[in-house]
Amino acid sequence: MGRTLRSAIAITGLAVGVGLSFGAMSRAADEPPPAPFDQIGDLIPPTEPVDLDVDTAGAEFTEIAALVATSTTDFGGGSKLTGQCGGLAYSYGENGDLIDAAIDLGDDNPPIDLLEGGQAFTSGNPFKVDTRGVVAYYGFMPQEGAGPQNNSWFVKTSGVSLDSGGDANVDGDNRNAGTVDLGADLPVKFSANAKINGELTSDNLAPCVGEGNIEFIGNGLTDPVGIAALALLGGGLVGLLFNARPAMTYRG
Amino acid sequence: MTDVATTTVEQQLVKKTHPVRGILWGLMMGVGLSIVLVLTKVIPLALAPMLVVLVLGTVVGTLWSIFGPAKHPKDVVDATSHVVAEAAVPAADTTSTDTTATDTTEPPPIPEAPPTDM
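Taken in order, these protein sequences are the chains called A and B. The first sequence maps to residues 12 to 263 in the working numbering. The second sequence maps to residues 27 to 144 in the working numbering.
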C-alpha cells in the first residue's frame, strides 16, 4: 500500500498539483459558478479535512464525478491527463479555507476545475496551492481492476526532476487517498507559477501521462527567500555602481 | 606654462576597466533579479527564463564595467595647479629631487648689518 500510495500521489499530483503547493488566497466569488458546479461546492469540505480515507474519498469522487459528467466543459491545450488514471484534489490555505479543487474523471480529457468550472491546470487557470497549506487528494489507476504493477514514475518541472520512484505493487492496489501538509513538509515558502509534467509506466497498464500549471501562493517578496533575493539584487547593483565602474587613473 | 602642463596630465590619465568585477557583480544581480521575477510571477519557475535573466544580468554587468561612464580623479578638477606641479616634476628631472626642492624654496632673509659708529 505504501509504495502504491506514492505512485498514486505522483499521478494525482500531476493531475491535481499535489506535488508542490504554496500561499493562501481566497477565491474571488464575484459570480456564482455555472451548474452543476454550484452544487458541487456543497460536496467539498469547506475546511481542511482531518483525515481523507480511501473509501470516503472514493464515494465522494463518485458523487462529484456524476455531477461533473453532466457539464459541458470546453477543453483546449495547457493541461492534460491521459491514461487510465484520475482523481481529485482539494487545496486549502494556511487558515484552512478551501482555495481550489479539481477533478480528473479518468478519461482522456484534461482535469476540471470544481469551483468555477472549466478546464483546470491551464496557464490561465492554474491549480492554486498554498505553501503553508494542505492538499487533500484521492487518486486511482485504473478505476476498476488491478493497479499498475512493476511501475515507475517521475514528476518534473522544466526537465528538472522533482520526485521519482517505482513499486512492484504485488497486491495490485489501484487507489489511494490522503493529505499533504505543505506547511510542514516544505522547508522554503515562496510564490511562483510553474509548469509540471510527469508519467507513470507499468507492466500491465497503458502509461499515465500528465502536465499542468500550478500557482504556488506565498507571501511574495516578504518571504525569507524574497528578502534574500532582494538583498542579492541590491548588492549586485551597488557593486556594479561603486566597485565595477571604469575609472580614469594615472599611468603607472 | 599651463598649456604644456595640462597636456602632460592628459597623457598620464588612462581608463582602467574591471571586467571581472563586472561579471561577478552582474552575476549576483542576475541571480537576485531572476528570483525576484519568479516570486512576483513575472516569469515562470522554469530553468530557461531564469537562465536568460541571469545571463542578461551578467552581460549588463560586464558591459557596464567596460563601457560605463568612467570616474575621474577629484584632483584633476579641483587642484589643477597641484597636479601640474606633480606631473611636471618627473618630466623635468627624474633623477634629482634636490634641485626641485631648491628651486621652490625661498632664499633665507639677509641679516641686516650692524650699525657702525663713524
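The C-beta atom is built at its ideal place from N, Cα and C for all residues, glycine as well.
Establish whether the CB of residue i and some CB of chain B are separated by less than 8 Å.
| i | result |
| --- | --- |
| A/T93 | no |
| A/R186 | no |
| A/R143 | no |
| A/N204 | yes |
| A/L251 | yes |
| A/G237 | yes |
Check the Cβ of residue i against every Cβ in chain A and list those closer than 8 Å, keeping chain order.
| i | result |
| --- | --- |
| B/K97 | R256, P257, A258 and M259 |
| B/L39 | M259, T260, Y261 and R262 |
Considering only the beta carbon of each residue, do residue i and residue j sit closer than 8 Å?
| i | j | result |
| --- | --- | --- |
| A/Y103 | A/E59 | yes |
| A/E210 | A/V199 | no |
| A/L216 | A/P122 | no |
| A/V166 | B/L73 | no |
| A/W164 | A/G150 | no |
| A/G194 | A/E105 | yes |
Could you tell me which chain B residues have their CB closer than 7 Å to the CB of residue i, listed as they occur along the chain?
| i | result |
| --- | --- |
| A/A240 | G58, I61, V62 and L65 |
| A/F201 | L65 |
| A/T133 | The contacting residues do not exist; A/T133 stays about 13 Å from chain B at best. |
| A/L248 | M55 |
| A/L244 | M55, G58, L59 and V62 |
Helix, strand or coil for residue i? Go by DSSP, reduced to three states.
| i | result |
| --- | --- |
| B/L53 | helix |
| A/G246 | helix |
| B/P45 | helix |
| A/E127 | coil |
| A/S175 | strand |
| A/D108 | strand |
| A/G150 | strand |
| A/N208 | strand |
| A/D192 | strand |
| A/K200 | coil |
| A/T260 | strand |
With distances taken Cα to Cα, identify the nearest neighbour of residue i among the options.
| i | options | result |
| --- | --- | --- |
| B/V80 | B/K41, B/K67 and B/I61 | For clarity, residue 80 of chain B is Leu in the given sequence; the question names Val instead. Comparing Cα-Cα distances from B/L80 to each of B/K41, B/K67 and B/I61, the minimum goes to B/I61. |
| A/V79 | A/G183, A/V181, A/Q50 and A/R262 | A/Q50 |
| A/A157 | A/C96, A/Q130, A/A188 and A/P43 | A/C96 |
| A/K139 | A/T84, A/V236 and A/F201 | A/F201 |
| A/E226 | B/K67, B/H98, B/V86 and B/A96 | B/K67 |
Counting only C-beta atoms, is residue i closer than 8 Å to chain A at any point?
| i | result |
| --- | --- |
| B/Q79 | Residue 79 of chain B is actually Val in this sequence, not Gln. B/V79 does not count as touching chain A. |
| B/T43 | yes |
Could you tell me which chain A residues have their CB closer than 7 Å to the CB of residue i, listed as they occur along the chain?
| i | result |
| --- | --- |
| B/L89 | By Cβ distance, chain A contributes nothing, its closest Cβ being about 10 Å from B/L89, past 7 Å. |
Which residues of chain B have a Cβ atom closer than 8 Å to the Cβ of residue i, listed in chain order?
| i | result |
| --- | --- |
| A/V171 | L73 |
| A/L232 | V62, L65 and T66 |
| A/T168 | L71 and A72 |
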